[in-house]
Structure formats: structure tokens, C-alpha cells
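Novice:
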Amino acid sequence: MLFLITFYVYALSMEAYLLTLAIGIFVFGVVLALKYLSFHKEETVKQANEQLKDMLHEEKMAHRMYQKDIENYFLTWIHQIKTPITASKLLLERHEAGTVNRVRQEITEIENYTNLALNYLKLLNHETDMVAKSVTLEAVVKPLIKRYALHFIENQTRIHTDNLHQKVTTDAQWLRIMIEQILNNALKYTKSGDIWIAYDSDQKALSIRDNGIGISKADLPKIFEKGYSGTNGRLNEKSSGIGLFVVKQISKKLQHPIEVNSEQGVSTTFTIYFPVDSNLSKM
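Numbering follows full-length UniProt numbering, in which position 150 of the sequence shown is assigned residue number 150; successive positions increment by one, without gaps.
(1) Taking DSSP as the reference, what is the three-state secondary structure of arginine 234?
(2) From what residue to what residue does the beta strand (DSSP E) around phenylalanine 270 run?
(3) Taking the alpha-carbon positions, what's the serine 88 to isoleucine 107 distance?
(4) I need the straight-line Cα distance from serine 134 to isoleucine 78, nearest angstrom please.
(5) Run through the region 115-156 for me and flag every whole alpha helix (DSSP H) of 4 or more residues, listed as ranges in chain order.
(6) With DSSP as the reference, identify every bridge partner of aspartate 210, one or two as the case may be.
(7) Considering Cα atoms alone, identify which of Ile215, Leu92, Ala172 is closest to histidine 256.
(8) Measuring straight from C-alpha to C-alpha, what distance separates residue 284 and phenylalanine 3?
(9) Do arginine 158 and glycine 193 have their beta-carbon atoms positioned less than 9 Å apart in this structure?
(10) Can you give me the C-alpha to C-alpha distance between isoleucine 177 and isoleucine 85, rounded to a whole angstrom?
(11) For tyrosine 17, which residues from the same chain have a beta carbon less than 8 Å from its beta carbon, with the 5 sequence-adjacent residues on both sides left out?
(12) Count Cβ pairs between the region 242-257 and the region 216-224 that sit closer than 8 Å; are there 3 or more?
(13) Of all the options Ile153, Ile145, Lys122, Leu52, which has the alpha carbon lying nearest to the alpha carbon of isoleucine 70?
(14) Find the nearest neighbour of lysine 204 within the set Phe152, Tyr10, Phe274, judged by alpha-carbon distance.
(15) Indicate whether isoleucine 182 and isoleucine 208 have their beta-carbon atoms separated by less than 9 Å.
(16) Distance, Cα to Cα, arginine 104 vs leucine 254?
(17) From this set, Asn119, Ala132, Gln80, Leu118, which residue's C-alpha is nearest glutamate 109's C-alpha?
(18) Could you spell out the range, first to last residue, of the alpha helix (DSSP H) harbouring isoleucine 242?
(19) Comparing C-alpha positions only, which one of Ile195, Thr169, Met1, Tyr36 sits nearest to valine 131?
(20) Using the three-state DSSP reduction, which class does threonine 86 fall into: helix, strand or coil?
(21) Taking the alpha carbon of aspartate 162 as the reference point, which residue from Trp196, Gln264, Lys188, Val140 has its own alpha carbon closest?
(22) Can you check which of these residues, Lys191, His57, Thr44, is closest to phenylalanine 152 by C-alpha distance?
(23) Any idea if tyrosine 66 is buried or exposed, counting beta-carbon neighbours within 10 angstroms, 16 or more meaning buried?
(24) Does glutamate 260 come out as helix, strand or coil in the three-state DSSP assignment?
(25) Alpha carbon to alpha carbon, what distance is there between leucine 175 and serine 278?
(26) Here's the rule: buried if 16 or more other CB atoms are within 10 angstroms of the residue's CB, otherwise exposed. What is glutamate 93?
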């Protein structure tokens, strides 16, 4: 308006005014465009920063949960492993008949707890691969039966196997860990009884059955939960509530569904199902 009045009073050419006005509008438009681009860039950076902050927060929370998980597990693990160590010391001090075999049993328990801790850590590592190959069930099960031979003798528990010459597609090492934890549980709760390990070719399923004390209906839905030992576990000082949790996690990674059926005071059966056909070399 000031320029317009000045041009009008001095009767100056309006073309010069319009040219000046056009240049001013153009410069103003460029400034606005630059401001908008700068604002848009700042907003994009802010959003990226917020996303990074959220991701960092999630990572921190995940790390804290991981640390808490590890701490809780190893507090339980330390408490549980003291039992066979103390038992071994007491046995060695008594010098009773059969001490050597009983100490060997306790050492087997210590090894089991140690391996369980290592396998638990491996499972927490999401980069752990499982390699599936064709293997006979006998090659997986027989070493475990030999490993726990003294336990079978001491508990007066009879072991029966059937159709284990069959081949399945699995990761033998991780399957062995699954079976060992189930077999270990069966030995704890089956005194002077029987354990059957059999493979059903039609169902593509391996069953581990015992005629021990069984599992109550209230405990049955929760036995695969971490740290849950149930009524039976509270009666057994060697129960950590971690073994069956590890079994469930391995079954998920191997894609071998597992189910359990039990009647208290009668029997318990764990069944592991294998894929009918698998072309996968890695899971």
C-alpha cells in the first residue's frame, strides 16, 4: 500500500510498481516454499526420533525382561542343584553299601541340571538353528536308557520299548533333550513301576507312558508353564518347574506338537507328533 500511494502521488509508471509487486510475491513464495520444506524435514526428523525412542524403549524393556528371566531361572537353578550336591556329600560321608551307585545317580542329576541350564540359554537365543535330518528313534532313546540305568535299578522301574527302529525327521540333539526331560519326570514319579516308550507308525507319534502317581486335573493345563511344578513338584524337592517348559519350547521350534494325558494315581502319557513329510533342512 505504501508503494502504491508513493507511485500514485508522484505519478510514476505503474508498470514498475507491478514488476516490483510481482518480484516481491515471487520472493515471498520462494521463502514460503523453503520454510515449508524446512518444516516438513524437521517434522520427519522428529517422527524418526520418536520412532527410534520407542524402539529403544522396547529394546530396554526386552533386555530387562531377559535379565529378570535369566536371574529368576538361575536363582531357581542354584537352589535346585544344591540338592544333589548335598546328597552326594552326605552319601560319601556315610560309607554305606551301594554308595558309589547312588553318588553316580546324583552326579547324573547334576549333569541334567547343568545341561538344562545350557539348553535354556540356547533357547533364549532366537538365532539358534535346529537342523532336521532322518534318524532312527532307537539312536536317540537308547543312550538315554543307558544314561539312566542306575535310576531304573534304584527305583525298581522297568523300561519297555517298542518300534523304535523307525526313522523320523527331526533334530536328534533337541529331540533327545525333550525325551530326557520327560523320562526324568517319569522316573521321579514312578517308583516300582513301568515306563513304556513306543512309536506309532500310523500316527507318526512317539509316546512315553508311565504308571506312576499321575497328574491332577487342576495341574494338567499348567505343566508346561515356566516355573510351574504343581502338586507333585511341591512333594519332590528336585522339581524345578523348568524341564517341561523347555520341552514345550523345543516342540514349538521343532514343529513337533506335544500333548499330555494323565489320570491321577493311574498313568501319564506324553505324546510327541512328527511331521508326515518334511523337505526342510532347517527350522
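Think of the CB as a built atom: it goes at the ideal place given N, C-alpha and C, for glycine as much as any other residue.
Specialist: From the atom records:
(1) Working through the sequence shown from its first residue, we reach residue 234 at position 234. In this predicted model, arginine 234 has a pLDDT of only 48, less than 50, meaning its place in the structure is not dependable; the value taken from the coordinates is given anyway. Helix.
(2) Working through the sequence shown from its first residue, we reach residue 270 at position 270. Residues 267-273.
(3) Counted from its first residue, the sequence shown places residue 88 at position 88. Counted from its first residue, the sequence shown places residue 107 at position 107. Straight-line Cα distance between these residues: approximately 8 Å.
(4) By 1-based counting over the sequence shown, the position of residue 134 is 134. By 1-based counting over the sequence shown, the position of residue 78 is 78. Their Cα atoms are separated by approximately 37 Å.
(5) 137-147, 149-155, all fully within the region 115-156.
(6) If you number the sequence shown from 1, residue 210 lands on position 210. Aspartate 210 is bridged to Ile195, Thr268.
(7) Here residue 256 refers to the residue found at position 256 of the sequence shown. Ranked by how close their Cα comes to the Cα of histidine 256, the residues Ile215, Leu92, Ala172 have Ala172 in first place.
(8) Beyond the ends of the chain as shown, which are 1 and 283, falls residue 284; an answer cannot be given.
(9) If you number the sequence shown from 1, residue 193 lands on position 193. If you number the sequence shown from 1, residue 158 lands on position 158. Their beta carbons are under 9 Å apart, which means glycine 193 touches arginine 158 by this criterion.
(10) The count along the sequence shown starts at 1 and reaches residue 177 at position 177. The count along the sequence shown starts at 1 and reaches residue 85 at position 85. Spanning the two alpha carbons is a distance of roughly 22 Å.
(11) As a first step, residue 17 is located in the sequence shown; it is residue number 17 there, counting from the start. Excluding sequence positions up to five before and after tyrosine 17, its CB lies within less than 8 Å of the CB of Phe3, Leu4, Phe7, all in the same chain and listed in chain order.
(12) Yes: the two stretches touch, three or more of their Cβ pairs being nearer than 8 Å.
(13) By 1-based counting over the sequence shown, the position of residue 70 is 70. Per the C-alpha coordinates, the member of Ile153, Ile145, Lys122, Leu52 positioned closest to isoleucine 70 is Lys122.
(14) For this step, residue 204 is matched to residue 204 along the sequence shown. Nearest to lysine 204 by C-alpha distance, out of Phe152, Tyr10, Phe274, is Phe274.
(15) Sequence index remark: in the sequence shown, residue 182 carries index 182 (1-based). Sequence index remark: in the sequence shown, residue 208 carries index 208 (1-based). The Cβ atoms of isoleucine 182 and isoleucine 208 sit closer than 9 Å to each other.
(16) Against the sequence shown, residue 104 aligns to sequence position 104. Against the sequence shown, residue 254 aligns to sequence position 254. Each residue's Cα considered, the two are about 32 Å apart.
(17) Here residue 109 corresponds to residue number 109 of the sequence shown, with the count starting at 1. Checked all of Asn119, Ala132, Gln80, Leu118; the closest Cα to glutamate 109 is Gln80.
(18) Reading the sequence shown from its first residue, position 242 is the one you call residue 242. If you look at isoleucine 242, you'll find it isn't in any alpha helix (DSSP H); DSSP assigns it neither H nor E.
(19) The count along the sequence shown starts at 1 and reaches residue 131 at position 131. Taking each of Ile195, Thr169, Met1, Tyr36 in turn and checking the Cα distance to valine 131, the smallest one comes out for Thr169.
(20) In the sequence shown, residue 86 corresponds to position 86, counting from 1. If DSSP states are grouped into helix, strand and coil, threonine 86 belongs with the helices.
(21) Translated into the one-based positions of the sequence shown, residue 162 becomes position 162. Check the Cα spacing between aspartate 162 and each of Trp196, Gln264, Lys188, Val140: the tightest is with Trp196.
(22) For this step, residue 152 is matched to residue 152 along the sequence shown. The residue among Lys191, His57, Thr44 with its C-alpha nearest the C-alpha of phenylalanine 152 is Lys191.
(23) On the sequence shown, position 66 is the one that residue 66 refers to. By the beta-carbon neighbour count (other beta carbons within 10 angstroms, threshold 16), tyrosine 66 is exposed.
(24) As a position in the sequence shown, residue 260 is number 260, starting the count at 1. The sequence given here has valine at residue 260, not glutamate. Three-state result, valine 260: strand.
(25) Reading the sequence shown from its first residue, position 278 is the one you call residue 278. Reading the sequence shown from its first residue, position 175 is the one you call residue 175. Low confidence applies to serine 278: its pLDDT is 46, below 50, so where it sits in the model is not reliable, and the reading given next is rough at best. If you take the alpha carbons of serine 278 and leucine 175, they lie about 16 Å apart.
(26) Start at 1 with the first residue of the sequence shown, and residue 93 comes out as number 93. Glutamate 93 comes out exposed.
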